[in-house]
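One structure is given here, and the rest of the page talks about it.
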Amino acid sequence: MFNVDEGYCTIDLKDADKIPPLVLNMLIQLGPAVKYMALFTDVLMWKNPSASVLAVLLWITLCTWTQKWLVFGLPCLCFVKLASNWLSTSILRRRREASECSRASQLGQDLNVAKGIQPSKPVSMHDTVHHLQQIQTWWFSHCQWRHLSSYANQQVAHYLLIYIWPLWAALNFILGSHGIFALAGTWFLVASSPWYQLVLVALKNNPVLYHYTRALLDYSICLFTYLGQETHSSVKTASHRGATQLPSTSLSSSSQKPKEGYRCEVSLLFEIYQNQRYWFGLGWTESLLQSEREPWTDNQLKPIISKDEYKLPKETRSTLQDLDTHVKRTIIKSWVWTDRDWWIDMTGELEDKVDRDGWQYGDNGWLHLMKKQLIITDKDE
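For the record, in the sequence shown the residue sitting at position 77 is 79 according to the working numbering, with numbers rising by one throughout.
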């Protein structure tokens, strides 16, 4: 009945008859509820855009005029339910009377009469299992928050929450509780819509917003770095070939006052790229054409020295004297590597942009970069 595939359980409709009796009884009782849950997932997945837009508008009106909905909406729903039941009963009675009149002159109408008095759309076991499969597919395809369990993602999430909290407080004071629920529900309903995904991709590819977000994250790391805390890289160490994107080991600059124990630490992250070209008979080498990029570049494709030639600045000392208090202060600045070696940035592997070694492959114009190697390619790291 249930098969494990790609990290979660899937339902095999061919083995539905092997369900235990207790589970079968529960599925039969919950069949109508599962059907409505499947319809709700259809709304969330925007299979019918008109129904999804209607759900968004209903949610906004429900959150905006909650009291009016409670006073007038619930009685109206009861009246609508009674009217629909009366209408369906009258239609069913007319159909049954018409079938009974013609039953004497026609054979084999008993089965048709029995079908006529049944619900127009009964919930079968096959439909229930299919609805469960649909709900399960939506759950595992849209609930990506389960990947936030790693320690690094939790740290980034905590830093972001600290910066988002003032905006959250301002929205609560401006919109109120009704507006917050309306905004949160609207976002939940439109998160899977194609228009939302299009806007999200446009914002993600916006260079201004991208650099602003990166600057915000960098400042958060510098602001919340603990004193004397050692940093260990959790990604793969670069091999002797050096791999494409090498956000190098971080550096720390410290300025301290010996007597008072004053210390300030700043972490810097170096990101460099290695570029190679494929030559027949030689393989991948750093021998590039003069019109091409250099073997080692930064993230702006400007030539830099190789990773093995990086050297830290020497320790510097400076003395400052306060004219008012006549106190001399000695400032010592020193640089140390917080990572033992350069490491390969495999962030692109999550987006299916690089191969397992962190390389990208392109054509002779260094365009159309992909993770798969072509026949004649340029290797960009």
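Think of the CB as a built atom: it goes at the ideal place given N, C-alpha and C, for glycine as much as any other residue. Every value quoted in this text rests on a predicted model; they were computed, and no experiment measured them.
For a quick check, are the C-beta atoms of residue i and residue j less than 8 Å apart?
i       : j       : result
Gly-360 : Asp-347 : yes
Pro-297 : Asn-277 : yes
Leu-60  : Ser-194 : no
Val-36  : Leu-191 : no
Trp-344 : Lys-309 : yes
Gly-33  : Thr-139 : no
Ala-40  : Ile-137 : yes
Trp-337 : Pro-315 : yes
Ile-182 : Leu-169 : no
Leu-322 : Ile-333 : yes
Lys-373 : Asp-354 : yes
Arg-295 : Trp-368 : yes
Pro-196 : Trp-339 : no
Taking only the alpha-carbon atoms, compute the straight-line gap between residue i and residue j and give it to the nearest angstrom.
i       : j       : result
Gln-69  : Phe-175 : 20 Å
Cys-78  : Thr-63  : 15 Å
Leu-303 : Ile-274 : 9 Å
Asp-357 : Ala-204 : 25 Å
Ala-171 : Ala-186 : 14 Å
Leu-371 : Gln-362 : 6 Å
Asp-341 : Arg-279 : 29 Å
Trp-67  : Phe-81  : 20 Å
Ile-166 : Tyr-214 : 14 Å
Asn-87  : Asp-44  : 26 Å
Glu-383 : Gly-283 : Note that Glu-383 has pLDDT 48, beneath the 50 cutoff, so the model's placement of it is unreliable and the number below is only indicative. Computed Cα separation, rounded: 21 Å.
Tyr-38  : Leu-218 : 43 Å
Leu-271 : Asp-300 : 12 Å
Trp-71  : Cys-65  : 9 Å
Gly-178 : Leu-202 : 26 Å
Thr-327 : Glu-311 : 45 Å
Arg-216 : Thr-188 : 28 Å
Trp-141 : Leu-134 : 10 Å
Gln-258 : Lys-206 : Residue placement at Gln-258 is flagged as unreliable, the pLDDT there being 44, under the threshold of 50; a coordinate-derived value is accordingly withheld.
Pro-51  : Ala-184 : 19 Å
Thr-349 : Tyr-198 : 24 Å
Phe-74  : Val-55  : 23 Å
His-180 : Ala-85  : 31 Å
Lys-83  : His-132 : 27 Å
Leu-291 : Phe-42  : 58 Å
Ile-307 : Leu-200 : 39 Å
Ile-164 : Glu-351 : 28 Å
By DSSP's criteria, residue i is part of a beta bridge. Which residues make up the other side?
i       : result
Trp-141 : In the DSSP output, where bridge partners are listed per residue, Trp-141 has none listed.
Met-372 : Tyr-363
Arg-331 : Leu-322
Tyr-280 : Trp-286
Pro-305 : Thr-299
Below 8 Å on the Cβ atoms is my contact criterion, and I expect residue i with residue j to pass it. Report the Cβ-Cβ distance as a whole number of Å.
i       : j       : result
Glu-317 : Lys-335 : 7 Å
Ser-289 : Trp-281 : 7 Å
Less than 8 Å between CB atoms is the rule here; does residue i satisfy it with respect to chain D?
i      : result
Phe-81 : This model lacks chain D altogether, as it is built from one protein chain only.
(message) So, does the stretch 201-215 touch the stretch 82-98, judging by three or more C-beta pairs under 8 Å?
(response) Taking 8 Å as the limit for Cβ pairs, the verdict is that the stretch 82-98 does not touch the stretch 201-215.
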